[in-house]
Amino acid sequence: MKLRKVLAIAMASMMVFGLTACGGNDAAPAEAPAEEAAPAEEEAAPVEEETPADDAADATEAATEDAEAAADAAGAGGNIGVCIYKFDDAFMTTYRNALQEILEGKGYTVTFMDGKNDQAEQNNQINNFIAQKVDALIINPVMTSAADQIIATVKDAGVPTVLINREPTADQMSAYDKLVYVGCDARQSGTMQGELILDTPNKGDINGDGKVSYIMIQGDPENVDAQYRTEFSVKALTDAGIEVEELDLQRGDWDRNKGQEIAQNDLAKFGDDIEVIFCNNDDMAIGALQAIQAAGRKVNEDIYLVGVDALDAALNEVAAGNMTGTVLNDAQGQAEGAVQAMEDLLGGKTYAAGEQSIYVDYVKVTPDNVSDFQ
Ligand code: BGC
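Residues in the sequence shown are numbered consecutively from 65, following my numbering.
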């Protein structure tokens with residue numbers, strides 16, 4: 065855990081940090097955040113003119129200066145409101161704890177609200193924070209489809225806002241220049257899940273029938289993470305020329321119990337035909353593992369199982385050979401990035417349209433490197 069934190073912090077600082085500012089859900093990486101609140105034209109310098117090494121060094125130096133200047137300007141110790149879509153989410157609990165430690169460590173007064181997976185409830189919480197005149201907001205939206213309304217509300221109140229974990233479109237974010245999204249590009253995690261299967265001795269085709277037969281246990285499909293992980297995990301296989309067969313796709317809403325139920329029913333229905341279980345997150349994968357074990361199947365021998373997040377429980381199962389692998393969804397790095405972005409906003413930075421998404425990289429976790437993350 066310690067080393068994982070150190071790694072995450074090192075990665076986070078490499079990123080601002082190698083934090084890549086991108087256009088919403090667009091894949092093309094753009095340059096790192098500009099040093100000051102610059103007009104859009106200046107920030108939009110073409111990427112090709114910079115060498116990656118120079119870029120990274122400049123970005124790190126500029127970001128460090130930015131962070132210090134911004135913290136001074138904001139006078140760390142302000143009031144921050146944080147809205148989480150629901151506290152009862154394994155990954156968001158890790159993320160929330162990381163945010164709390166960082167913000168309180170920097171002297172901010174921070175209040176966390178549980179949206180209880182209810183957008184109306186979260187809207188009230190946002191309005192209350194605004195009425196209390198918080199200095200900045202960090203919001204994990206309940207529904208990305210509500211982003212327009214959330215953005216209009218914070219813009220109206222003029223509160224600098226960092227959105228996390230559930231990414232709106234670049235177009236939606238462009239409505240407010242004191243707004244930024246910090247998260248990950250979910251396509252990358254899906255691709256890595258596919259690669260974990262490609263890296264197995266039989267590339268996922270355990271029964272040798274020339275195709276990989278899988279079930280997909282999806283998160284909440286309203287969430288772009290669920291959409292992209294579902295699509296890109298399978299795309300990694302088909303891009304590699306592998307034939308695939310989808311036996312089932314069901315929403316498990318990021319929830320362990322639902323993951324267990326779906327896997328249990330599918331194992332009863334499809335039996336040995338299932339060669340791979342893709343889960344959009346680890347919590348559902350842990351549930352699926354319970355069903356796999358109850359059905360007398362053995363991961364990595366007669367079935368493969370992959371998740372995303374690198375929750376502690378999943379890391380233990382990867383180490384024990386009970387999960388084929390997972391993908392680190394770097395809560396610590398994202399929390400560091402969110403606080404950095406918040407301080408930049410408090411320091412007066414604004415974001416040009418198309419440069420309002422800041423991505424932290426995912427990392428593949430296998431038995432070979434799992435000890436680095438535990
Ligand atoms: C995580 C899930 C989590 C979801 C919440 C995803 O990025 O992988 O574990 O439930 O975010 O929005």
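Glycine residues also receive a C-beta, built at the ideal position from the N, C-alpha and C atoms. Since we're looking at a predicted model, the values are computed, not measured.
*How about glycine 283: is its Cβ closer than 7 Å to a heavy atom in the ligand BGC?*
On the sequence shown, position 219 is the one that residue 283 refers to. Glycine 283: yes, Cβ under 7 Å from the ligand BGC.
*8 Å CB neighbourhood of glutamate 168 in its chain, flanking five on each side removed*: For this step, residue 168 is matched to residue 104 along the sequence shown. Answer for glutamate 168: Val174, listed in chain order.
*asked:* Pairs of beta-carbons, one from the region 217 to 224 and one from the region 157 to 164, closer than 8 Å: are there three or more?
replied: no
*Close-in-space but distant-in-sequence residues of the same chain around glycine 139 (CB under 7 Å, 5 per side omitted)*: Here residue 139 corresponds to residue number 75 of the sequence shown, with the count starting at 1. With a pLDDT of only 47 at glycine 139, under the threshold of 50, the placement of this residue in the model should not be trusted; the figure read from the coordinates follows. Around glycine 139: no qualifying Cβ.
*Separation of asparagine 204 from isoleucine 338, as counted between CA atoms*: For the purposes of this step, residue 338 is taken as the residue at position 274 of the sequence shown. For the purposes of this step, residue 204 is taken as the residue at position 140 of the sequence shown. Spanning the two alpha carbons is a distance of roughly 35 Å.
*Could you check if glycine 274 is buried or exposed, using at least 16 other CB atoms within 10 Å of its CB as the buried criterion?*
Counting from one through the sequence shown, the residue named residue 274 turns up at place 210. Classification of glycine 274: exposed, given that the 10 Å Cβ count is below 16.
*Where leucine 375 falls: helix, strand or coil (DSSP)*: Against the sequence shown, residue 375 aligns to sequence position 311. Reduced to three states, the DSSP call for leucine 375 is coil.
*How many Å lie between alanine 384 and glycine 335 at the Cα?*
If you number the sequence shown from 1, residue 384 lands on position 320. If you number the sequence shown from 1, residue 335 lands on position 271. Using only the alpha carbons, I get a separation of about 24 Å.
*Tell me the start and end of each unbroken beta strand (DSSP E) in the region 375 to 434 that is at least 3 residues and wholly inside, in chain order.*
390 to 392, 421 to 423 and 427 to 429
*Quick one: what's glutamate 310 bridged to in DSSP?*
As a first step, residue 310 is located in the sequence shown; it is residue number 246 there, counting from the start. Note: glutamate 310 sits in a beta bridge opposite Tyr278.
_Suppose the cutoff is 6 Å on Cβ atoms and the five residues either side in sequence are ignored; what does the same chain contact list for glutamine 328 look like?_
Taking the sequence shown and counting its residues from 1, one reaches residue 328 at position 264. Hits under 6 Å: Ala355.
_Using a 10 Å radius around the Cβ and a threshold of 16 neighbouring Cβ atoms, would you call alanine 378 buried or exposed?_
Within the sequence shown, residue 378 is the residue found at index 314, counting from 1. Flag for alanine 378 reads buried.
*Return the bridge partner residues of methionine 177 from the DSSP annotation.*
To locate residue 177, count along the sequence shown from 1; it is residue 113. Note: methionine 177 sits in a beta bridge opposite Cys147.
*Does the Cβ of threonine 390 have 16 or more other Cβ atoms within 10 Å, making it buried, or fewer, making it exposed?*
Within the sequence shown, the letter at position 326 stands for residue 390. When all chains shown are included, threonine 390 counts as buried.
*Which word fits lysine 197, buried or exposed, when buried means at least 16 other C-beta atoms lie within 10 angstroms of its C-beta?*
Translated into the one-based positions of the sequence shown, residue 197 becomes position 133. Exposed, because fewer than 16 other Cβ atoms sit within 10 Å of the Cβ of lysine 197.
*Which whole-angstrom value is the C-beta distance of alanine 211 and proline 232, which I expect to be below 8 Å?*
Within the sequence shown, the letter at position 147 stands for residue 211. Within the sequence shown, the letter at position 168 stands for residue 232. With a Cβ gap of about 4 Å, alanine 211 and proline 232 count as contacting.
_Distance cut-off 7 Å: aspartate 347 Cβ against heavy atoms of the ligand BGC_ = The sequence position of residue 347 within the sequence shown is 283, counting from 1. Yes - the ligand BGC has a heavy atom lying nearer than 7 Å to the Cβ of aspartate 347.
*Is the closest heavy atom of the ligand BGC to the C-beta of phenylalanine 155 under 7 Å?*
One-based indexing of the sequence shown puts residue 155 at position 91. Phenylalanine 155 Cβ: within cutoff of the ligand BGC.
*Tell me which same chain residues have a C-beta within less than 6 Å of the C-beta of glutamine 189, skipping the five on either side of it?*
Position 125 of the sequence shown holds residue 189. Contacts found: Cys147 and Met177.
*Contacts around alanine 395, its chain only, beta-carbon distance under 6 Å, and the 5 residues preceding and following it disregarded*: The count along the sequence shown starts at 1 and reaches residue 395 at position 331. Excluding positions up to five away in sequence, the list reads Thr158, Tyr159 and Ala162.
*Given a threshold of 16 other Cβ atoms within 10 Å of its Cβ, counted over all protein chains shown, does serine 297 qualify as buried or as exposed?*
Along the sequence shown, read from residue 1 onward, the residue named residue 297 stands at position 233. Buried.
*If you drop the 5 nearest sequence neighbours on each side, which residues of the same chain put their C-beta closer than 8 Å to that of glycine 284?*
Here residue 284 is taken as the residue at index 220 of the sequence shown, counted from 1. Before going on, a small fix: residue 284 reads as aspartate here, not glycine. So the list reads Ala290, Arg315, Asp317 and Trp318, once near-sequence residues are dropped.
*Using the C-alpha atoms, what's the distance from serine 253 back to threonine 430?*
As a position in the sequence shown, residue 430 is number 366, starting the count at 1. As a position in the sequence shown, residue 253 is number 189, starting the count at 1. Near 14 Å, if we compare the C-alpha coordinates of serine 253 and threonine 430.
*Do valine 226 and isoleucine 194 have their C-beta atoms within less than 8 Å of each other?*
Here residue 226 corresponds to residue number 162 of the sequence shown, with the count starting at 1. Here residue 194 corresponds to residue number 130 of the sequence shown, with the count starting at 1. No, the Cβ-Cβ distance between valine 226 and isoleucine 194 is not below 8 Å.
*asked:* Rounding to the nearest angstrom, what Cα-Cα distance links glutamine 183 and serine 277 in this structure?
replied: Within the sequence shown, the letter at position 119 stands for residue 183. Within the sequence shown, the letter at position 213 stands for residue 277. Their Cα atoms are separated by approximately 37 Å.
*Three-way DSSP call (helix, strand, coil) for glycine 254 in this model*: Mapped onto the sequence shown, residue 254 falls at position 190. Looking at glycine 254 - three-state DSSP - the assignment turns out to be helix.
*Opposite isoleucine 367 in the DSSP bridges: which residues?*
In the sequence shown, the residue the question calls residue 367 occupies position 303. Isoleucine 367 pairs with Val363.
*Going by beta carbon distance, what residues of the same chain come within less than 7 Å of alanine 399, once the five residues before and after it are set aside?*
The count along the sequence shown starts at 1 and reaches residue 399 at position 335. Excluding positions up to five away in sequence, the list reads Tyr159, Ala162, Leu163 and Ile166.
*Is tyrosine 368 closer than 8 Å to glycine 247 when the C-beta atoms are compared?*
Along the sequence shown, read from residue 1 onward, the residue named residue 247 stands at position 183. Along the sequence shown, read from residue 1 onward, the residue named residue 368 stands at position 304. Going by C-beta atoms, glycine 247 is not nearer than 8 Å to tyrosine 368.
*Thinking C-beta only, is asparagine 344 closer than 8 Å to glutamine 282?*
Taking the sequence shown and counting its residues from 1, one reaches residue 282 at position 218. Taking the sequence shown and counting its residues from 1, one reaches residue 344 at position 280. Yes, the Cβ-Cβ distance between glutamine 282 and asparagine 344 is below 8 Å.
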